[in-house]
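In our numbering, the protein residues as written are 22 to 336. Ideal Cβ placement from N, Cα and C applies to all residues, glycine included.
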């Protein structure tokens, strides 16, 4: 059956979640299209043409989609998607905002956070904060899936475009919401969801100022900085640092948890990391149950020592 992937992008380039979603789509069939919705998004569309196994790239380039608000983008997805057997996007903030609305408009169920594709109509997804896995079968004519990107590898782009570019002139105005403003955290560090190394802090850091200890280490390791929900709620770190069930799901090669006790909500977002290092002064902290390496002690003594050792090695 034919498959439609909703691309996540910033109008200039694709987000890596789209590359992971293509891998999942390839397990469902070979007739794959990508839909790029935005304004002045030609560069993102051209990059989508480099994705392997994609037959067509549909481009809805209109001022009405400038900020990719879900209210009218979902209506476009529902209109175009009725001709497809599957509609996929990454299980990111973008996907979680858009896909449920499209499912409601199409009057079908949505299956979120798919981690494994069993067959054409059967999928596996986590429940209870990842403590159990549910196998879900659906008979809906159109299957809407958000893909847990950490469980599917990202495809590599082709050197030359292999997909045909097709423009969509349909413009759906947004009468339900309007864009006001956005505040983005600018950083030269890697993006949290694609970083190979992440160092995250929890409530044990005690203040926003102490998060600078993590930032110094992150700069030396080329790592991204994350935070637990408790740290974000306490104002120690911005919202886009949050790792966990209600934040970002990550699976880096190395995850360093500093001052994080290991609540279920946080573990759901990072337990797929290849190597987990925990630093905490409580030897009974739940984080040690999943950590590959644990260090019990005062983080305010350990972090400066770790920084000094890294300075010697990375000279």
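Does the separation of the CB atoms of residue 387 and residue 73 fall below 8 Å? The question about residue 387 has no answer, for the chain in this structure spans 22 to 336.
I think residue 146 touches residue 136, with their Cβ atoms under 8 Å apart; what is that distance to the nearest whole Å? About 6 Å; that satisfies the 8 Å criterion.
Exposure label - residue 148; buried when at least 16 CB within 10 Å: Around the beta-carbon of residue 148, fewer than 16 other beta-carbon atoms lie within 10 Å, marking it exposed.
Pairing CB atoms from the segment 101-120 with CB atoms from the segment 37-46, are three or more of them under 8 Å? When C-beta atoms of the segment 101-120 are compared with those of the segment 37-46, three or more pairs fall below 8 Å, so the two segments count as touching.
Can you tell which of 161, 324, 110, 144 has its C-alpha closest to the C-alpha of residue 127? Checking every option, the nearest Cα to that of residue 127 belongs to 161.
Contact between the segment 215-222 and the segment 241-256: three or more CB pairs below 8 Å? By the Cβ rule, the segment 215-222 counts as touching the segment 241-256, because three or more pairs are nearer than 8 Å.
In angstroms with no decimal places, state the Cα-to-Cα distance between residue 111 and residue 122. Taking the straight line joining both Cα atoms gives about 15 Å.
May I have the straight-line CA-CA distance separating residue 213 from residue 270, to the nearest angstrom? Looking at the two C-alpha atoms, the distance is approximately 9 Å.
Tell me the DSSP secondary structure of residue 123 in three-state form. The three-state secondary structure of residue 123, taken from DSSP, is helix.
Leaving out five residues on either side along the sequence, give the residues of the same chain with a beta carbon under 7 Å from the beta carbon of residue 193. Excluding positions up to five away in sequence, the list reads 85, 93, 96, 97.
Within its chain, find whatever has a CB closer than 8 Å to the CB of residue 100; leave out the 5 residues flanking it on each side and keep chain order. Hits under 8 Å: 191, 193.
Once the 5 residues before and after residue 75 are set aside, which same chain residues still bring their CB inside 6 Å of it? Exclusion of the five residues before and after residue 75 leaves 53, 55, 184 as the residues of its chain whose Cβ lies within less than 6 Å of its Cβ.
Taking the straight line between their C-alpha atoms, what separation do you get for residue 130 and residue 142? So the alpha carbons of these two residues sit roughly 12 Å apart.
Unbroken alpha helix (DSSP H) run spanning residue 93, endpoints: First-last of the alpha helix (DSSP H) with residue 93: 91-102.
Which class does residue 56 belong to by DSSP, given the choice of helix, strand or coil? In the three-state reduction of the DSSP assignment, residue 56 falls in the strand class.
Flag this pair as yes or no: are the beta carbons of residue 308 and residue 279 separated by less than 8 Å? For residue 308 and residue 279, no; Cβs fall outside 8 Å.
Could you work out which residue in 163, 298, 241 is closest to residue 330 when comparing CA atoms only? Among 163, 298, 241, the Cα nearest to that of residue 330 belongs to 241.
Residues in its own chain within less than 7 Å of residue 287 by CB, not counting five upstream and five downstream? Taken in chain order, the residues that qualify are 249, 250, 264, 265, 281.
Give me the residue from 204, 210, 106 with the minimum Cα distance to residue 260. Residue 260 has its Cα closest to that of 204, out of 204, 210, 106.
Per-residue DSSP class, three states only, for residue 5: Within the shown structure, residues of the chain are numbered from 22 to 336, placing residue 5 beyond reach of any answer.
From the DSSP output, read off the bridge partner residues of residue 137. Answer by DSSP bridge pairing, in chain order: 145.
Residue 105 in three-state terms, based on DSSP: Here residue 105 sits in coil by DSSP.
Would residue 107 be called buried (16 or more neighbouring beta carbons within 10 Å of its own) or exposed? Residue 107 sits buried, since 16 or more C-beta atoms from the chains shown fall within 10 Å of its C-beta.
Give the single residue among 233, 254, 152 whose Cα lies nearest to the Cα of residue 324. Nearest option by C-alpha distance: 233.
When you compare only the Cα positions, how much space is there between residue 253 and residue 235? Taking the straight line from one Cα to the other gives about 15 Å.
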